[in-house]
Each structure stands twice: as structure tokens, then as C-alpha cells.
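Visitor: Chains A and B, in that order, give the protein sequences. Okay, so the first sequence: first residue is 20 according to the working numbering, each after it adds one. Okay, so the second sequence: first residue is 20 according to the working numbering, each after it adds one. Beta carbons are placed, not taken as given, at the ideal position from N, Cα and C, and that holds for glycine. What follows is a single structure, and I will ask about it in a moment.
Number of protein chains: 2
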Amino acid sequence: MVFTKGEEMLKASPEQRPDARARLLAAAERMFAEQGLASTSVRDLAREADVNIAAVNYYFGNKENLYIETLRHSFSSAREVLPKFESILEQAKEKATSEAALDGIRLYIEEFLSNLFAATQQSKHVVLMARELSSPTPALDVIVEEFILPKQRVLLLLIQQARPDIKDPRDLQFYASSIIAQCLHHCMTLPVVLRLHKRKKVTPDFVHQISTHIANFSIAALRGGTQ
Amino acid sequence: MVFTKGEEMLKASPEQRPDARARLLAAAERMFAEQGLASTSVRDLAREADVNIAAVNYYFGNKENLYIETLRHSFSSAREVLPKFESILEQAKEKATSEAALDGIRLYIEEFLSNLFAATQQSKHVVLMARELSSPTPALDVIVEEFILPKQRVLLLLIQQARPDIKDPRDLQFYASSIIAQCLHHCMTLPVVLRLHKRKKVTPDFVHQISTHIANFSIAALRGGTQ
DNA sequence: CTTCGTTTCAAACGACTGTTTTAATCATCT
DNA sequence: AGATGATTAAAACAGTCGTTTGAAACGAAG
Chain A
20 MVFTKGEEML
30 KASPEQRPDA
40 RARLLAAAER
50 MFAEQGLAST
60 SVRDLAREAD
70 VNIAAVNYYF
80 GNKENLYIET
90 LRHSFSSARE
100 VLPKFESILE
110 QAKEKATSEA
120 ALDGIRLYIE
130 EFLSNLFAAT
140 QQSKHVVLMA
150 RELSSPTPAL
160 DVIVEEFILP
170 KQRVLLLLIQ
180 QARPDIKDPR
190 DLQFYASSII
200 AQCLHHCMTL
210 PVVLRLHKRK
220 KVTPDFVHQI
230 STHIANFSIA
240 ALRGGTQ
Chain B
20 MVFTKGEEML
30 KASPEQRPDA
40 RARLLAAAER
50 MFAEQGLAST
60 SVRDLAREAD
70 VNIAAVNYYF
80 GNKENLYIET
90 LRHSFSSARE
100 VLPKFESILE
110 QAKEKATSEA
120 ALDGIRLYIE
130 EFLSNLFAAT
140 QQSKHVVLMA
150 RELSSPTPAL
160 DVIVEEFILP
170 KQRVLLLLIQ
180 QARPDIKDPR
190 DLQFYASSII
200 AQCLHHCMTL
210 PVVLRLHKRK
220 KVTPDFVHQI
230 STHIANFSIA
240 ALRGGTQ
């Protein structure tokens with residue numbers, strides 16, 4: 020039984036298609052995001068990944084373990100965008116003004132949203148997270164620690180710079196939640212949002228409209244709180 | 020086959036426990052909210068409702084229809100609070116000022132949130148909706164038409180009164196989405212929100228803090244947009 | 001070549017799924 | 001009383017589920 024494959028064995032065929040394990044992970048990410056854990060059968064997974072049924076148990080032990088591994092994989096690849104947010108923070112820190120921080124927040128929102136909607140087409144980590152939120156498994160801890168907290172930290176610092184008068188960290192947290200909420204909402208409840216906006220599908224233009232609105236709304240709220 | 024039971028037959032035993040159909044609906048609401056449609060078997064449902072397995076097909080035709088009927092039932096009982104929102108709207112309409120509308124929006128948010136958090140303990144419609152949003156079924160139409168749209172209408176009118184300068188209905192929709200997003204977020208992603216706020220569980224005080232913040236944030240945003 | 005460990009394959013396992021069937025039970029009415 | 005219709009009950013239906021099996025195919029090392 021070989022469930023865990025380290026990097027000790029180099030592939031002799033670097034030009035070929037991904038091996039069975041990788042294809043299985045990719046198919047699992049797609050199908051678990053679309054149908055959820057319970058509604059996705061290992062037979063569907065195997066067919067979609069062009070892999071024998073037994074490969075699931077061979078590489079991952081069982082179906083549930085494949086699910087956890089899929090989540091880990093999806094969120095670790097989603098974490099690659101973190102430097103971009105860090106650089107937004109650095110840029111704001113240099114100018115060290117409240118206005119620069121507000122600009123940073125606008126960039127943050129744009130980046131966040133474009134990631135979210137890009138994710139719905141390639142890396143499905145948002146959909147997987149939405150599922151986790153409505154029925155949490157132990158995998159939720161991993162998501163919070165490795166994905167949410169690092170991004171949240173950047174936003175908190177930006178808000179702090181934009182509104183140095185806010186001393187209570189709980190208030191900072193609330194402001195951050197309000198911004199994140201608006202971004203996630205348009206992605207997680209997308210089918211309903213589209214219906215309310217009488218649209219059939221997501222266009223880049225629509226995403227831009229969303230991020231512009233959320234940024235305007237939130238920055239107005241941040242500005243308004245002072246006076 | 021008798022799937023639809025009207026009120027043409029009066030129960031001869033009004034003092035007894037709810038009949039099989041009602042018990043099945045109640046159990047279904049509980050179990051579908053906890054485990055979702057796919058992970059809940061009709062045998063589990065029947066056992067939980069203390070009903071024979073065949074009762075599911077006898078009263079509802081099939082499992083999926085029971086699910087839709089459960090959603091309809093859960094959301095129709097949640098719709099009983101609608102008059103409260105209508106009265107908020109009426110009150111704002113009387114004064115007919117932008118300030119009165121903003122007060123109405125604050126009331127709307129407070130009412131909305133207290134409903135959401137009360138619902139997580141008694142009627143499970145929020146959990147059911149969260150599930151529907153992350154994996155939509157045909158039942159989503161019912162939710163949108165009978166639950167979301169009526170409430171949304173009130174909020175749109177309040178925003179319109181608060182900001183008569185906004186002409187584009189799409190902009191109104193964005194403002195409404197921003198407010199709804201913040202409310203839903205704190206309920207749907209509750210396990211994460213609690214963690215970020217370093218809290219163990221929801222207290223009435225915490226709910227009040229949330230609604231106060233969302234109202235302040237949103238009203239500031241609405242005010243800020245004018246100037 | 002043979003040997004070895006790894007990977008793939010088709011087939012089968014028992015358990016569980018939603019649904020149907022057939023008979024039994026019940027309350028109500030003539 | 002019997003007859004009628006609605007409801008409940010137990011058993012069986014065909015199909016799918018996750019998982020296991022044992023053998024075939026594979027590449028690398030001796």
C-alpha cells in the first residue's frame with residue numbers, strides 16, 4: 020500500500036500527461052466542487068480522470084481521504100497568490116497615509132474578487148470552501164489557518180492604516196468582515212446574484228462592476244465613520 | 020396515489036401527535052439541514068419520523084419531491100415575518116425623508132439578523148438555503164421567488180428613498196446586495212466568524228454588536244456616496 | 001532473460017440506495 | 001353487519017455504492 024508519495028521518485032517521462040494520482044486529484048477538485056462529496060461516486064471520479072476504479076483506494080486509501088487531500092491541494096495552490104496581497108500592503112505602508120491605505124483596499128478588493136471568479140473556472144477552492152462552511156469537516160481548520168488568516172491579516176493592517184482612530188481590534192475585525200462578506204457573497208451565492216441582476220452568466224465586465232461597487236461602498240463607509 | 024392532501028379532510032383526532040406527513044416534513048427539515056439531500060437516506064428519514072419507509076413515496080411521490088416540499092414548508096414558515104419588514108417600509112414611507120429611510124434600513128438589518136440567528140435554532144431555513152446556494156437544485160427557484168425576492172423588494176425601496184439620486188436599478192441592486200451580503204455572511208460562515216472573533220458561541224450581545232456594525236457601516240456608505 | 005516492486009485492470013464483494021409491491025390495518029359510512 | 005377508501009406494514013425490487021481481490025502489465029535492476 021502506497022498512499023503517500025513523496026518526491027523521492029522522479030518521473031522518467033516529464034513530457035507525458037500527469038500521472039494517475041495527479042489526474043485523480045484534478046478530477047476530484049472539479050467534481051467535488053460541482054457535486055459535493057456525497058454526490059460524487061468513485062466511479063464517476065475514475066471515469067473522469069481516465070483511471071481505474073481501484074486507483075482511488077490505491078493512491079488515497081479511501082474516498083474521504085481523497086476528499087481531504089483534494090482540499091489541501093486546492094487551497095495550497097490558491098495560496099500562491101498571497102505575495103500579491105503582501106505587495107499591496109507594502110506599497111501602502113511606504114506612503115503611510117490614510118489615502119494610500121484606501122487605495123490599497125481598493126486594489127485588495129479587485130485582486131480578491133478576480134481571484135474568486137478566476138477560481139470558479141480553474142481552481143475551485145471557493146466552491147469547496149462554501150461547501151465546507153455549510154457542512155464543516157475537520158478540513159475546515161486547515162482552510163482557516165493556511166488560507167483565510169494570512170489574507171485577513173493584510174486587510175486588517177490596511178484598515179488600521181486607513182483608520183488609525185480605530186483602537187479596538189474587534190472593530191477592525193468587523194470592518195474586515197464587512198468587506199470580505201461582500202466579496203464572498205457575490206461568488207458564493209452567484210446563482211442567486213445572477214438572477215437578481217437578470218444575467219445569464221458572469222462576464223469580466225460584470226466582475227469589474229462588482230469590484231468597483233464594493234470598493235466604492237466600503238471606502239465610503241470607512242470615510243464616513245470618521246466624521 | 021395521494022401526493023397532495025388539501026384541507027378537505029378534517030382530522031378526527033386534533034389532540035394527537037402530528038400525522039405521518041407532518042412528522043416526515045419535520046424530520047426532513049432537521050435531517051436535510053444537518054446532512055444535506057444526498058447524505059440523508061429515506062430509511063433514516065422514516066426511522067427519525069417514526070414512519071414506514073413507504074410513507075415517503077405515498078405522501079410525496081419520491082425523495083426529491085419531499086426535499087422540495089420540505090424547503091417550501093421551511094421557507095413558508097420563515098415567510099411569516101414578512102409583514103414586519105413591510106411595516107418598516109410603511110413607516111419610512113410616511114415620513115418620506117431620506118433620514119427616515121436610513122432609520123428603516125437600520126431596523127431592516129436588525130430584524131434580518133435576529134431572524135437569521137433565531138432561525139439557526141428553530142427553523143432551519145438558513146442552513147437549507149446555504150446548502151442550496153453551494154449546490155443548487157431546482158428547489159432554488161422556489162427560494163428565490165417566495166423568500167428572497169419579497170424581502171429584497173422592501174430593501175430596494177428603502178434604499179431608493181434614502182438615495183433618490185440613484186436612478187439606475189442596477190446600482191440599487193448592488194447596494195442591496197452589499198447589505199444582504201454582510202448579514203448573510205455572519206450567519207452562513209458562522210464557524211469561521213466566531214473563530215476570527217475568538218468566540219466560542221453566539222450570544223445575543225454578539226448579534227447586537229454585529230447588527231449595529233453592519234447598520235453603521237452601510238448607512239455610512241449610503242451617506243458617503245452622495246457627496 | 002529473470003526477478004522484483006510498482007502500477008493497472010476487470011471482476012466481484014456485501015452493503016446500502018430509492019422505489020414498488022402486496023397485503024394488512026384502520027376509520028368511516030350505509 | 002359489511003363495504004369502502006385511506007393509511008400503514010413488511011418484504012422484495014433492481015440498481016449503485018465504496019471497497020477488495022487476484023491477476024495481468026509495466027519498467028528497472030540483477
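In chain A, what lies closer than 9 Å to L152(B) by C-beta?
Guide: Neighbours of L152(B) on chain A, chain order: A149, S153, M207, T208, L209, P210, V211.
Visitor: Go through its chain and collect everything with a Cβ distance to V226(B)'s Cβ below 8 Å, but skip five positions before and after it.
Guide: These residues qualify, in order along the chain: L132, S133, F136.
Visitor: Evaluate T222(B) with the Cβ neighbour count: other Cβ atoms within 10 Å of its Cβ, from every protein chain shown; 16 or more gives buried, anything less gives exposed.
Guide: By the neighbour-count rule (16 or more Cβ atoms within 10 Å), T222(B) is not buried but exposed.
Visitor: Compute the distance between the beta-carbons of A120(B) and Q180(B), then report whether it is under 9 Å.
Guide: Cβ distance < 9 Å, so A120(B) and Q180(B) count as in contact.
Visitor: For K217(B) and V211(B), I'd like the C-alpha separation in whole angstroms.
Guide: Their Cα atoms are separated by approximately 10 Å.
Visitor: Just verifying my parser: in three-state terms, what is the DSSP assignment at H216(A)?
Guide: In the structure shown, H216(A) sits in coil (DSSP, three-state: anything other than H, G, I, E or B).
Visitor: What residues of chain B sit near I167(A), judged by a beta carbon separation below 7 Å?
Guide: V211, listed in chain order.
Visitor: In this structure, how does DSSP classify R125(A) when only helix, strand and coil are distinguished?
Guide: R125(A) falls in the helix class under three-state DSSP.
Visitor: What residues from the stretch 127 to 147 of chain B come within 8 Å of chain A, judged by C-beta to C-beta, listed N to C?
Guide: Against chain A - using a Cβ distance shorter than 8 Å - the residues of the stretch 127 to 147 of chain B are V146.
Visitor: Is DSSP giving I233(A) helix, strand or coil here?
Guide: Three-state DSSP puts I233(A) in a helix.
Visitor: Assuming S153(A) and A46(B) make a contact with CB atoms under 8 Å, what is their CB distance in whole Å?
Guide: No, S153(A) and A46(B) are not in contact; Cβ-Cβ is about 20 Å, not under 8 Å.
Visitor: For L159(B), go through chain A and note every residue whose CB falls closer than 8 Å to its CB, in chain order.
Guide: The contacting residues are P210, V211.
Visitor: Of all the options Q228(A), P188(A), C202(A), V70(A), which has the alpha carbon lying nearest to the alpha carbon of D38(A)?
Guide: Out of Q228(A), P188(A), C202(A), V70(A), V70(A) has the C-alpha closest to the C-alpha of D38(A).
Visitor: Measure the alpha-carbon distance for E109(B) versus S196(B) and round it to whole angstroms.
Guide: The straight-line gap from Cα to Cα measures roughly 22 Å.
Visitor: With DSSP run on the structure shown, which of helix, strand or coil describes S197(A)?
Guide: DSSP places S197(A) in helix when its eight states are reduced to three.
Visitor: Check K82(B) in the structure and name its three-state DSSP category.
Guide: If DSSP states are grouped into helix, strand and coil, K82(B) belongs with the helices.
Visitor: With 9 Å set as the bound, which would you pick, yes or no: does the beta-carbon of V70(B) sit closer than that to a beta-carbon of chain A?
Guide: No, V70(B) lies away from the interface with chain A (no Cβ there is under 9 Å from its Cβ).
Visitor: Check G55(B) in the structure and name its three-state DSSP category.
Guide: In this structure, G55(B) counts as coil in the three-state DSSP scheme.
Visitor: In whole angstroms, what is the alpha-carbon distance linking G123(B) and D160(A)?
Guide: Using only the alpha carbons, I get a separation of about 38 Å.
Visitor: Could you tell me the distance, in whole angstroms, from the CA atom of P102(B) to the CA atom of P169(B)?
Guide: Rounded to whole angstroms, P102(B) to P169(B) spans 10 Å at the Cα level.
Visitor: According to DSSP, is A31(A) helix, strand or coil?
Guide: Interpretation of A31(A) is limited by its pLDDT of 37, a score under 50 that renders its predicted location unreliable; the figure taken from the coordinates is listed afterwards. Residue state, collapsed to three classes: coil.
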